[in-house]
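Residue numbers (our numbering): 4 to 314.
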Amino acid sequence: MSGRMSGMRVKIAVAVAMASVLAGCGTEAAGQAPDPAGALVYTAADVKPPTPGGEVGSASSEFADKAELKVWNRLSETEQDLDRIAKVDVDTTAKDALHLQPRTSAWFDGFRGPFLYQELAGDIVMHLRVKAEGLKTAQPKRKFSLGGAMVRLPGSNDKPNWLSITTGTGDSAKRVEVKSTENGSSKPKEIEVKPGWVELVLARAGGAVVGLYKEEGGVWKVGARWARRDLVEVPSLQYGITGYTDWDSYSTLKKDATKGNAKLVKGVPDLKLTVDYVRFLRPEPPERADLTNPASMPDDALIKLLTPAGV
């Protein structure tokens, strides 16, 4: 047994018994979890941070050059949808950053909003630093004005399948929202955070998808762990940036996504999203780890596995 394995606390199937004990530590699992019968228990000492560089690293953007916007696809163009972006630019409105202002829009159930993405294959860690503000205020005033990271099954407009971790104003201001949408049914959860810059990670690794967040000057925390076979058993996914705003202006259309998606809704959009960077890395999850289960992969080990070294 290697030195890494010799330091491992290997326990077969104990993950099931421990799950109820650890479930209250800030981790949310959703979806159909994989069979944990063969899962091992890992500690932070048993894992290493994701690796930068290589082909996936070349997809990263520091947003220091206007030309970087060209590598990001617009969902509205690639899947022939309405353009719900009022303004987007790189190194113009904000120096060395991407600036995004959505029109009245929503990512909820079957509703669609703006999405800038790259399609990437394999296990991926997407790490970005963002700030969500109102157009004239420090916090968006309109409900569900949020921006951040999203991962989506390509071509899933008819049966929407995606996950997101965003920040801004949800039901209340100063929130991080983690949201799972499967076959057009959304399950969101809001977490209170300090205003200002927030780092986000949305990662597919080891048969799971994980959302992490870190407030400015704070520490990484687990927002959600998702067991989504529809998103982990396909070769590639769309990884990218989203921002949407002003849910209340949908009014009576809130119950009809088909009609709500058919036209641009006139409202009072109130979100400007600044993205400092988006970096892609390769995670190296250990074999027989159940990343959806905190008994197999505790929060501190999961955070080390999916966040860049030194951040």
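We treat Cβ as the ideally placed atom computed from N, Cα and C, and that holds for glycine. This structure is a prediction, so every number in the text was calculated from the model and none was measured.
Asked: Beta-carbon spacing of Leu-119, Lys-275 below 8 angstroms; Found: no
Asked: Residue nearest to Asp-99 in terms of C-alpha spacing, selected from Trp-229, Leu-78 and Thr-277; Found: Thr-277
Asked: Minimum C-alpha distance to Val-44 - residue among Ala-312, Val-314, Pro-301 and Leu-309; Found: Pro-301
Asked: Rounded Cβ spacing between Ala-124 and Ser-239 (contact assumed at less than 8 angstroms); Found: 4 angstroms
Asked: Which of helix, strand or coil DSSP assigns to Lys-134; Found: strand
Asked: Pairwise C-alpha distance: Val-93 and Arg-115; Found: 23 angstroms
Asked: Assigned exposure category for Ser-175 - 16 Cβ within 10 Å defines buried; Found: exposed
Asked: Exposed unless 16 or more other CB atoms sit within 10 angstroms - verdict on Ser-299; Found: buried
Asked: Pair within 8 angstroms by beta-carbon distance, Gln-104 and Asn-76; Found: no
Asked: Own chain partners of Leu-256 with C-beta closer than 8 angstroms, once the 5 adjacent residues on each side are dropped; Found: Lys-262, Gly-263 and Val-268
Asked: Enclosing beta strand (DSSP E) for Thr-107 [first to last residue]; Found: Unbroken run through Thr-107: none, as it is neither H nor E.
Asked: Any C-beta of chain B under 8 angstroms from that of Leu-308; Found: In the displayed structure, chain B is absent; only one protein chain is listed.
Asked: Whether Thr-170 touches Arg-178 by CB criterion (8 angstroms); Found: yes
Asked: According to DSSP, residues forming a beta bridge with Lys-182; Found: Ser-167 and Pro-191
Asked: Same chain, Cβ closer than 6 angstroms to Arg-282, neighbours up to 5 away in sequence not counted; Found: Ser-63 and His-130
Asked: CA-to-CA distance, Ile-306 to Asn-164, given in whole angstroms; Found: 25 angstroms
Asked: Three CB pairs or more closer than 8 angstroms across the stretch 154-161 and the stretch 230-244; Found: yes
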